[in-house]
Amino acid sequence: MDRHNLAGLPWPAFLLHADGKLDASSEVEKVLGFVPHDLKHLEDRFEVILPSGYPAEPAGLRWRRSEPLDELQMWRDRESGRAYSLRVLCRTIADRKLAILLDESHDVSREVHAELFLRALNRSVAGSIGDRTLHEVLRLIVEVACDLTGARYGALGVLNRRGTGLSDFIYSGIPAEMAGRIGHLPEGKGLLGALISERRTIRIPRISADPRSVGFPAHHPPMQSFLGAPLLEDGQVFGNFYLTDKIGADEFTAEDAGSLERFSVQAALTVKLVRQSDGEQRTLFRTLVEKAPYGIAFFPEGDGDIFGNPAAERMLGKITRADDPERSYDLLRPDGCALPSSELPATAALAGRTIINLEVLIQRHGRRALPALVSAAPVLSESERLLGAVVIYQDISPLKELERLRDEFTAIVANDMRTPVQAVLLHAEALLRRASGEAAWVPVTTIQTIQRSGQRLSRLIGDLLDASRLDSQRLSLSPRVVDLSVAIGAIVEQMRSILEGRAVRLDVHSPPLVYADPVRLEQVMTNLLENAAKYSEPEAPIEVSVTADGGEALLSVRDFGAGIPAEEQPKLFDRYFRGVRSRDKRSGLGLGLYITRGLVEAHGGRISVESEPGCGSVFRVWLPAVDHTHHTAMETDALQP
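Quick note on the working numbering: the sequence shown kicks off at 33 and runs consecutively.
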C-alpha cells in the first residue's frame, strides 16, 4: 500500500512499515497539521500523555504492539503545545500496522469501526499486498468480524472451485498448537455445510442441540452458540463467516446477525480482491513450476489430487501414491533394491520428515532405470497445519555419464601413459646394467624406443593441454596465408614414414589460399590421417583431396575401413568419446577428433563426417578462402608448415 492508495480514505490513516516508514492519507494533515514520513518524524513531533499526566515512552506505546487496539489517547504537539484527544484504532497486517486516528467529533459504533477497516483494507489489497500477507488480510477480516459481534472464535471458509467443500479455512481465537493437533480442514458438513447449501445467515443458540450439527473433531475446543453468514459474488456463495461463543452472553442477538450480514457484503469485496491477487500469485507460481527444469510434485494430505509439473511427468509418467494399483513406476536404491514404503520421499514428508538429495533409481515399467536425486519436505499452513508434501526430482543421468567418462578417461590415461613410461624405465635399466667403467655400449634401437616413448608421452600431454585450452577458449593461433596445394602435400610426405608405407593418394585441384596457423593445420591433417590409418586395414589406401568449394577450400580424408556405426556418428567429435572399435584397441584418449573440430572452428571453418558400415569413412574440412584484396603478393607465397 502506498500513499496514493491511502489518499482517498475519508479518515486520517497511517500504514507503518517494519522499517519505520509511514504512508499516510491526506486527512492526516487536517488533524495533525503535517504529514509525517516515518515513525521517528511522528514521535519527535508528538508525545502521548498518560492518564497520570506524564508522557509515555515511545517503546511502551500500545499502538506499536501487534495486538488489536481501540483506545482513547491524548496526543500533544511538542512545537505548539496543543493537545489532541484521539481515538486510535490499530490492526496488524503481517509486518505492517494499519492505524486510523479519529478525533473527538467521530463517535463510531462497532459496525462503523468494522467498515473503516474494510475500506482501508480494500485500498491495501488494491495496492498489491504480497502473497506472504494474503492470509493475514483474511485473518484480519475475521478478527474484525469477531469484534463486531463479540465472538470468541471466528473463521472464514473459502470454497473450492466446485463449491462442494472448503479449500481454505482462516480462523481467529484458536491457538496454533491446537489447530495443528486438529490437523485437517473442515469437510463442509453439519452447520458449515448448511451455510454452503442454504446461502443465508444462520443463528443458533446451542450448537449441540441443532439437528444439522455433526459435532466437532478430536482436539477441537468446545463451542456453544453459532452465527454464520455467506459471502456472495454475483449471487453465488464463495465463502462463509463462522462465528461462535458470544462473549458475555449465551447467544448472538438479531442485531449481531444484521451487523454481520451488512459486514459480509463489504467483506465479500475485500475477499474477492484478495482472491484475485491470490489467483494472480498462484498463476505466476504455477507457470514457474511448470517451466522448472526439475520435476516437482505435490502430494496433498488426505485423498486430494496429486499435482505434477511436466518435468515430473516426463520422468515418472502418471504420478501416483505408492499404494495406487495404477502406479507405473518404482523408486529404488542405487543398488536396485526397492525403497521401503516408509522411506519413500512423499511418505516421509507427509510424516513430517525432510529429505535432501536422496539418490534413487526411477524404474518405470518397461524402461531403463533413471538415476535421480530426490528431495521432499512437508508443506505447512501459516497455522502449522499439514497441507501435504512437495517432492522435487532431479535427473542426474548427465552427471552419471560424466562420472562414467571420468572413470573411463582416468583408466585410459593411466594405461596409455604407463606403457611408454615402463618402456623408458626398462630401457634405462638395461643401459645401466650394460654400463662398464666410464663407457657403455648403447644400442640404437634402445635409444629409438626411448625416443618414441617420449614422443608418445609428449603427444598425450599435448592433447590434454589443447583440450583444456579449447574448453576455456584460450587457444592461440599464429595464422598466415597458406597455399594448401603445397602445404598438404608436404604434410602427406612427412606422414608417410609414420603411416608405415601405407598408400596415400593425394588429389589437388586448384584450392584457394587460406589464412591458417601452419602448425595447427598440420595437427588437423595428422589427426585425420592417423585416424584413417587406425580404422582401416594396412593394405587399404587413404585418399586425400584438396579442392575449391564455392568460396572455401575443402580438404577430404577418406579411408576404406569398416566404417562408423550410425549411432556413434553424432558423438564422434565429443570430448573423450571413443568408438567401440577404438575401445577395443585401447589406443588414444578420445581427444583427437574433439581437438580437430576445435582447431577447425577456431579458424572459422567446419568439419563433417560421412560413413557407412563396411564402406569406410570420409572426413571433410572447409576453411574460408583468403580475400585477395587484403594481402600483398609477399603474403601469398606458398608457406609450408
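Beta carbons are placed, not taken as given, at the ideal position from N, Cα and C, and that holds for glycine.
Hey, out of the options, whose CA is closest to residue i's CA?
i, options, result
"glycine 182", "Ile424, Ala522 and Phe258", "Phe258"
"lysine 53", "Pro42, Leu224, Trp43 and Glu75", "Glu75"
"arginine 318", "Phe339, Gly334 and Leu625", "Phe339"
"alanine 250", "Arg294, Phe46 and Met210", "Met210"
"aspartate 495", "Thr628, His69 and Leu561", "Thr628"
"threonine 579", "Val551, Gly334, Asp549 and Leu545", "Leu545"
"valine 174", "His73, Thr276 and Phe78", "Thr276"
"alanine 187", "Pro83, Arg110, Asn272 and Val589", "Asn272"
"leucine 371", "Tyr274, Gly113, Cys122 and Leu390", "Leu390"
"valine 551", "Val540, Pro570, Pro511 and Leu561", "Pro511"
"aspartate 515", "Ile202, Glu584 and Lys566", "Glu584"
"aspartate 549", "Val513, Leu71, His459 and Asp659", "Val513"
"histidine 69", "Pro83, Ser84 and Asp51", "Asp51"
"glycine 677", "Phe248, Ser199 and Thr386", "This structure leaves residue 677 out entirely; the chain is present only between 33 and 673."
"arginine 590", "Ala598, Pro597, Ile574 and Pro602", "Ile574"
"histidine 397", "Leu348, Ser204, Glu433 and Lys432", "Leu348"
"leucine 224", "Pro207, Val176 and Phe270", "Phe270"
Could you give the DSSP three-state label for residue i: helix, strand or coil?
i, result
"leucine 655", "strand"
"isoleucine 639", "strand"
"arginine 436", "helix"
"lysine 129", "strand"
"isoleucine 428", "coil"
"valine 632", "helix"
"alanine 45", "strand"
"tyrosine 203", "strand"
"valine 576", "strand"
"alanine 370", "strand"
"aspartate 242", "coil"
"proline 87", "strand"
"lysine 221", "coil"
"arginine 512", "strand"
"isoleucine 81", "strand"
"aspartate 51", "coil"
"glycine 625", "This sequence places leucine at residue 625; glycine is not what is there. DSSP places leucine 625 in helix when its eight states are reduced to three."
"glutamate 644", "coil"
"valine 186", "First, the amino acid is wrong: residue 186 is glycine here, not valine. Of the three classes helix, strand and coil, the one that applies to glycine 186 here is strand, per DSSP."
"leucine 376", "coil"
"aspartate 606", "coil"
"glutamine 505", "coil"
"valine 650", "strand"
For residue i, which residues in the same chain have their Cβ closer than 8 Å to its Cβ, ignoring the five residues on either side in sequence?
i, result
"leucine 507", "Asp498, Arg501, Gly630, Leu631 and Ala634"
"glycine 486", "Pro452 and Val456"
"leucine 376", "Ala354 and Leu363"
"glycine 521", "Leu538 and Val540"
Quick one: measure Cβ to Cβ for residue i and residue j, integer angstroms, because I've assumed they're closer than 8 Å.
i, j, result
"valine 576", "leucine 538", "5 Å"
"isoleucine 132", "alanine 45", "5 Å"
"glycine 222", "arginine 238", "Between arginine 238 and glycine 222 the Cβ distance is about 14 Å, and since that is not below 8 Å, they are no contact."
"glycine 420", "phenylalanine 331", "5 Å"
"leucine 363", "isoleucine 388", "Their Cβ separation, rounded to whole angstroms, is 16 Å, which puts leucine 363 and isoleucine 388 out of contact at 8 Å."
"valine 650", "serine 588", "6 Å"
"alanine 344", "glycine 327", "3 Å"
"glutamate 554", "isoleucine 530", "Going by Cβ atoms, the distance from glutamate 554 to isoleucine 530 rounds to 12 Å, so no, they are not a contact pair."
"valine 392", "arginine 365", "7 Å"
Can you name, in chain order, every residue of its own chain whose Cβ lies under 7 Å from the Cβ of residue i, other than the five neighbours on each side?
i, result
"lysine 304", "Glu265"
"alanine 226", "Ile234 and Arg244"
"arginine 528", "Val536"
"cysteine 647", "Gly595"
"proline 87", "Glu79, Val80 and Ile81"
"valine 321", "Ile328 and Asn341"
So, for residue i: in the same chain, excluding its five sequence neighbours on each side, which residues have a beta-carbon less than 6 Å away from its beta-carbon?
i, result
"asparagine 559", "Gly624 and Thr628"
"aspartate 242", "Ile236"
"alanine 381", "Ala408, Ala409, Pro410 and Ala421"
"glycine 636", "Pro656"
"valine 297", "none"
"valine 246", "Lys221 and Gly222"
"glutamate 532", "none"
"tyrosine 116", "Trp107"
"threonine 386", "Ala409"
"serine 160", "Any reading at serine 160 must be qualified, since the residue scores a pLDDT of 44, below 50, and its modelled position is unreliable; no value is offered."
Does the Cβ of residue i lie closer than 7 Å to at least one heavy atom of the ligand NAD?
i, result
"isoleucine 482", "This structure lacks the ligand NAD, and indeed carries no ligand of any kind."
Taking only beta-carbon atoms, is residue i less than 8 Å away from chain B?
i, result
"arginine 235", "In the structure shown, chain B does not exist; there is a single protein chain."
| query | In the segment 385–424, which residue ranges form an unbroken beta strand (DSSP E) of at least 3 residues, counting only runs that do not cross its ends? | reply | The DSSP assignment places 387–396 and 402–412 as complete runs of the beta strand (DSSP E) inside the segment 385–424, in order along the chain (cut-off: 3 residues).
| message | So within the segment 279–363, which uninterrupted beta strand (DSSP E) runs reach at least 3 residues, ignoring any that extend past its ends? | response | Those beta strand (DSSP E) runs which fall completely within the segment 279–363 and span 3+ residues are 327–332.
| Counting only runs that start and end within the segment 249–280, where is the beta strand (DSSP E) found for 3 or more residues in a row? | Listed in chain order, the complete beta strand (DSSP E) runs (minimum 3 residues) inside the segment 249–280 are 258–265 and 268–278.
| message | In chain order, what are the residue ranges of uninterrupted beta strand (DSSP E) at least 3 long that sit wholly in the segment 520–548? | response | For the segment 520–548, whole beta strand (DSSP E) runs of length 3 or above, ordered along the chain, are 536–541 and 546–548.
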